[in-house]
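Under our numbering, the letters of the sequence shown match residues 6 to 366, in that order. Where a beta carbon is used, it is the ideal one built from N, C-alpha and C, also for glycine. Please read these numbers as outputs of a predicted model, since none were measured by experiment. In what follows, a single structure is set out as C-alpha cells and then discussed.
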Amino acid sequence: MMPTIRVLVVEDSLTVRRRLCEVLATDPALEVVGEAADGKQAIERCHALRPHVVTMDMMLPIMSGLGATEHIMAHCPTPILVVSSSTNRGELFKTYEALAAGAIDVLEKPRGTEPDGAWERHFIASVKLVSRIRVVTHLRARLGALGQPRIASRATALPMPSLPLHNYEIVVIGASTGGPAAILEVLRALPSPFPLPVLFVLHIGEPFGAAFAEWLDGQSGIRVSYAQDGDLVSAKAGRVTMARPDSHLVVKNGRLRLTQDAVRHSCRPSVDVLFESAAREYGPSAIACLLTGMGRDGAAGLLEVRRAGGFTIAQDEETSVVYGMPREAVILGGAEQVLPLLQIGPALSALATQRNELLPR
C-alpha cells in the first residue's frame with residue numbers, strides 16, 4: 006500500500022480553508038496533516054509536521070504567502086502549490102515572486118463557475134503532481150528579497166564549454182514547470198544591451214500569465230514584453246518577447262505571428278511550434294534553449310533547430326525542477342550542449358558576442 010501524501014493547507018479564510026480540506030479528504034491518497042491561517046503559522050507547522058506538499062495562499066496576515074514561501078524554500082524545502090486568486094496586479098506579482106522563490110506551480114482558487122467537480126479534480130491532481138517533485142534548498146530565497154544582488158560568481162567560476170563561431174540572429178527559449186525561476190536566472194545573466202532578439206514560451210496556467218511579461222520586465226536589465234502580431238523580429242534585438250497566453254508564437258518572413266492553431270502536447274503556446282518556426286526561418290543562425298518542464302513539449306522542436314544547423318542547449322537534470330522536457334530532448338539527440346542553469350545565460354552571452362566579432366567591419 007502506498008503511503009499517503011501529507012498536506013499542509015495554508016489559507017487565512019476559514020471558509021476556503023475548510024473547503025480545501027474537504028476536497029483533499031475525498032482522496033484516500035491524501036492526508037491533511039495541518040492547517041495554517043497566516044505565514045508565520047505556515048512556517049512553524051512546516052518545520053514541525055514535515056508535510057510532503059504545502060498549498061499556499063498569497064495574501065496572508067502577519068506574514069505573506071511570499072514571505073512564508075521564501076523561508077520554507079530556504080530553510081525547510083517542501084514542494085509548494087500556490088492556490089491563489091488573480092483579481093489584481095499586486096497579487097499576480099506576488100504569485101510570480103513566489104514561483105521565482107521556489108514554489109512549484111500555481112492554481113487559481115475556484116470561482117464558482119466551473120463545471121461540477123472540475124476544479125476539485127484539478128486541485129487534487131495538482132497536489133499529487135507537486136508532491137512528487139524533488140525540491141532543494143533555494144539559495145535565492147535564503148539571500149532575502151528578490152531585489153537583492155544575485156550570486157554571479159558561481160556562473161562565472163564554472164568552466165564554459167567550447168562554443169562554435171557563427172553569426173547568430175535569434176534566441177528562442179522554452180520552459181514549463183519551474184520555468185519562472187529558470188527564465189529569470191537566464192535573463193539576469195545576459196548583458197544589457199543584448200545584441201539578439203530573444204523569444205520565449207512559458208507554460209503558465211491562465212489567468213496567471215496575464216501580467217508575467219510585465220513583472221519580468223522589472224526583474225532584469227533587458228526589456229520584456231508580450232508579442233504583438235506582425236512585429237518585425239529585427240526590431241526586437243536587445244529585447245525579450247514572450248508568447249501571449251493561449252496563442253502560439255511563430256516567426257515567419259521576418260515577423261512575429263500569433264496563431265490559434267491546434268494545441269500541441271495540450272499546450273498553446275507550444276515550445277515546439279516556436280522552435281520549429283525558428284528552425285525554418287533562421288536555420289543555422291538560430292539558438293534554441295530548452296529549460297525545466299514537465300512533459301515533452303520543445304524536445305522535437307529543439308531537434309529541428311539542431312538539424313537545421315542551429316545551436317541547441319538543454320538544461321541539465323541536477324538544476325531542473327522537473328527534468329522532463331530537457332530529458333526528452335537529450336534522448337532525441339536534440340541537445341548539442343546540456344548545461345546547468347547558471348551556465349546557460351553566460352553561454353548565450355558568449356554566443357551573441359561572437360556575432361559582433363564576426364560581423365564585417
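Relative to the C-alpha of residue i, which residue among the options is closest?
i: leucine 201; options: Ile292, Pro8, Arg301; result: Ile292
i: glycine 314; options: Ala53, Ser271, Glu281, His80; result: Glu281
i: alanine 130; options: Arg23, Val28, Asp121; result: Val28
i: isoleucine 178; options: Phe316, Gly39, Ile336; result: Phe316
i: glycine 288; options: Ser271, Leu296, Asp17, Leu308; result: Leu308
i: glutamate 333; options: Ile318, Leu344, Ala304; result: Ala304
i: isoleucine 85; options: Glu96, Ala105, Phe98, Leu97; result: Ala105
i: alanine 34; options: Ala242, Ile336, Gly72, Leu134; result: Leu134
i: valine 238; options: Ile175, Asp251, Phe217; result: Ile175
i: valine 58; options: Met68, Gly72, Met78, Asp43; result: Met78
Taking only three categories from DSSP, how would you classify residue i?
i: serine 290; result: helix
i: glutamate 113; result: strand
i: alanine 130; result: helix
i: tyrosine 101; result: helix
i: arginine 55; result: coil
i: methionine 68; result: coil
i: threonine 246; result: strand
i: arginine 94; result: helix
Determine the direct distance from the alpha carbon of residue j to that of residue i, and round the result to whole angstroms.
i: valine 278; j: threonine 74; result: 34 Å
i: cysteine 51; j: arginine 311; result: 45 Å
i: aspartate 32; j: phenylalanine 128; result: 11 Å
i: threonine 9; j: glutamate 323; result: 27 Å
i: glutamine 342; j: methionine 64; result: 41 Å
i: aspartate 17; j: proline 66; result: 7 Å
i: alanine 103; j: isoleucine 188; result: 14 Å
i: leucine 356; j: glycine 210; result: 32 Å
i: alanine 283; j: serine 181; result: 19 Å
i: leucine 13; j: arginine 55; result: 9 Å
Pull the bridge partners of residue i from the DSSP assignment, please.
i: aspartate 43; result: Partner(s): none; aspartate 43 has no beta bridge.
i: glycine 298; result: Tyr328
i: isoleucine 10; result: Leu35
i: alanine 180; result: Leu207
i: lysine 257; result: Arg260
i: methionine 61; result: Val15, Val87
i: phenylalanine 316; result: Ile292
i: arginine 193; result: Answer by DSSP bridge pairing: none, since arginine 193 is not bridged.
Take residue i and list the residues in its own chain whose beta-carbon comes closer than 6 Å to its own, dropping the five residues that flank it on each side.
i: glutamate 125; result: Val28
i: serine 225; result: Leu192, Arg193
i: serine 271; result: none
i: glutamate 286; result: Val256
Given residue i, which residues of its chain have a CB within under 8 Å of its CB, disregarding the five upstream and five downstream residues?
i: aspartate 338; result: Looking at the sequence shown, residue 338 is not aspartate but glycine. These residues qualify, in order along the chain: Leu308, Arg311.
Can you list, in chain order, the residues of its chain whose CB lies under 7 Å from that of residue i, leaving out five sequence neighbours each side?
i: isoleucine 231; result: Looking at the sequence itself, residue 231 is tyrosine, so the reference to isoleucine does not match. Contacts found: Ala218, Met247, Arg249.
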